[in-house]
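Chains A and B, in that order, give the protein sequences.
FYI, the working numbering numbers position 9 of the first sequence as 9, with every residue one higher than the one before it.
Every number in the working numbering is 139 more than the matching position in the second sequence, counting from 1.
Positions of the beta carbon are idealized from the N, C-alpha and C atoms, including for glycine.
The block underneath contains the structure these notes are about, expressed in structure tokens.
2 protein chains.
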Amino acid sequence: MEIKDVLKNKGLKITKKRIGILKVLDMVEYPVDVLEIKDKLNDNDIEINLSTVYRALEDMAEVGIVNRVNFSSDTRVFYELNRNGHHHYLHCLKCKALVIIDGCPLDDYQEDLAKKTKYDLTGHNLDIYGYCPKCQDKK
Amino acid sequence: MEIKDVLKNKGLKITKKRIGILKVLDMVEYPVDVLEIKDKLNDNDIEINLSTVYRALEDMAEVGIVNRVNFSSDTRVFYELNRNGHHHYLHCLKCKALVIIDGCPLDDYQEDLAKKTKYDLTGHNLDIYGYCPKCQDKK
DNA sequence: ATTATTAATGCAAACTATTTGCGTTTGCAT
DNA sequence: ATGCAAACGCAAATAGTTTGCATTAATAAT
């Protein structure tokens, strides 16, 4: 089973809760917030405490199994599985619909910037927002 | 006095507190968080309640006098004066130093994306992070 | 397989940033 | 000068997240 290997390779213990969290993230294709993960696990009869979800995600983010995702219009932290291939999202300010933008427009730019500024740039966060076709009228 | 005109033009009442907030934002060249604004006003003998700062900034952001700025590594909301010319920041994860990046690498990109996706894109939030030259060793 | 060690978890409480309701004050049009 | 709506202060509420500590479970060593 490969989910277990991912954890083991990173030196994290294999627990039902962590496997559950990773399965949730694997099933949905969009970034999920902490409470939603807990609820989805509860729905599948896996009891888990909120702080456990927080801690597990933080630990797994630290070793690169999952990614934190921020949206400027939302104070919550979201997580997604770190599938290879970095990308960003487009989100609708009204209905919250998300669209994955494939390919990152900033890869080369960030490299140039690192050279120019002498910064060691480790990443960036981009989120583009507006109104989806359906919500454009009813603003 | 032009600060007053800015408020008046947007239909907001001219108050000492709002003028004070705008002066603080005008003096510093980087985005400031709400508590820091309150403290800076207090230092200048302007007593102001935190919730007033929150409300004033929200109101002024709504009419475009100031901009909200988010950094993915910080849960607080920051504000900056809306000087014309949109830009982004580079920030150091260790010492929190900020560098303004002039020119936005996404202007054309966002427009293309809007056409492709039929979204009405109203803006984006970009923040690039890493370690400044001084902090690179002592990670 | 059993045991010892250490990480993971649950629970309650703390914390940080922000928002809200409401009574009072102030700016500004008349 | 007066009246009305907007702005403000204060206290309490809320949302999201973090922490301390006792208990439980996973893994390594025996």
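- Interface residue (Cβ-Cβ distance to chain A less than 9 Å): B:K257 is classified as such.
- Less than 9 Å divides the Cβ of B:I204 from the Cβ of B:L146.
- Annotation for B:V208: the continuous beta strand (DSSP E) segment containing it runs 205-208.
- Beta-bridge annotation (DSSP): B:E201 is not paired with any residue.
- Sequence-distant Cβ neighbours of A:L25 in its own chain, meaning closer than 6 Å and more than five residues away, are L81.
- Here DSSP, grouped into helix, strand and coil, assigns B:C271 to coil.
- Counting only the Cα atoms, A:D137 lies some 39 Å from B:L237.
- Contacts with chain B at 9 Å (Cβ-Cβ) include A:D127.
- Around B:L229, the beta-carbon contacts reaching into chain A at under 8 Å are L113, T117, Y119, L121.
- DSSP places A:D74 outside any alpha helix (DSSP H); the residue lies instead in the beta strand (DSSP E), whose first and last residues are 74-81.
- Counting the other CB atoms within 10 Å of its CB gives B:C234 a total below 16, which places it among the exposed residues.
- Residues of the segment 56-71 of chain A with a C-beta atom less than 8 Å from some C-beta of chain B are R68, N70, listed in chain order.
- Taking 9 Å as the cut-off, the beta carbon of A:V53 is found closer than this to the beta carbon of A:K17.
- Not flagged as an interface residue toward chain A: B:Y169, since no C-beta distance is shorter than 9 Å.
- Under the DSSP definition of a beta bridge, B:L260 partners with A:G130.
- Look at A:L90 here: in three-state DSSP terms it is strand.
- Where A:V24 is concerned, the enclosing alpha helix (DSSP H) starts and stops at 16-27.
- Collapsing the DSSP output to three states places A:I37 in a helix.
- Under the DSSP definition of a beta bridge, B:V171 partners with B:Y218.
- Going by DSSP, A:I48 is part of no alpha helix (DSSP H) at all; its letter is neither H nor E.
- Around the beta-carbon of B:V167, fewer than 16 other beta-carbon atoms lie within 10 Å, marking it exposed.
- Residue environment for B:N188: exposed (fewer than 16 other C-beta atoms within 10 angstroms of its C-beta).
- In this structure, the straight-line span from the alpha carbon of B:H226 to that of A:T15 is close to 45 Å.
- Contact between A:N67 and A:N125 does not hold, since their C-beta atoms are separated by about 10 Å, which reaches or exceeds 8 Å.
- When the five nearest sequence neighbours on each side are left out, the beta carbons in the same chain lying within less than 7 Å of the beta carbon of A:C104 are those of H86, H87, H88, in order along the chain.
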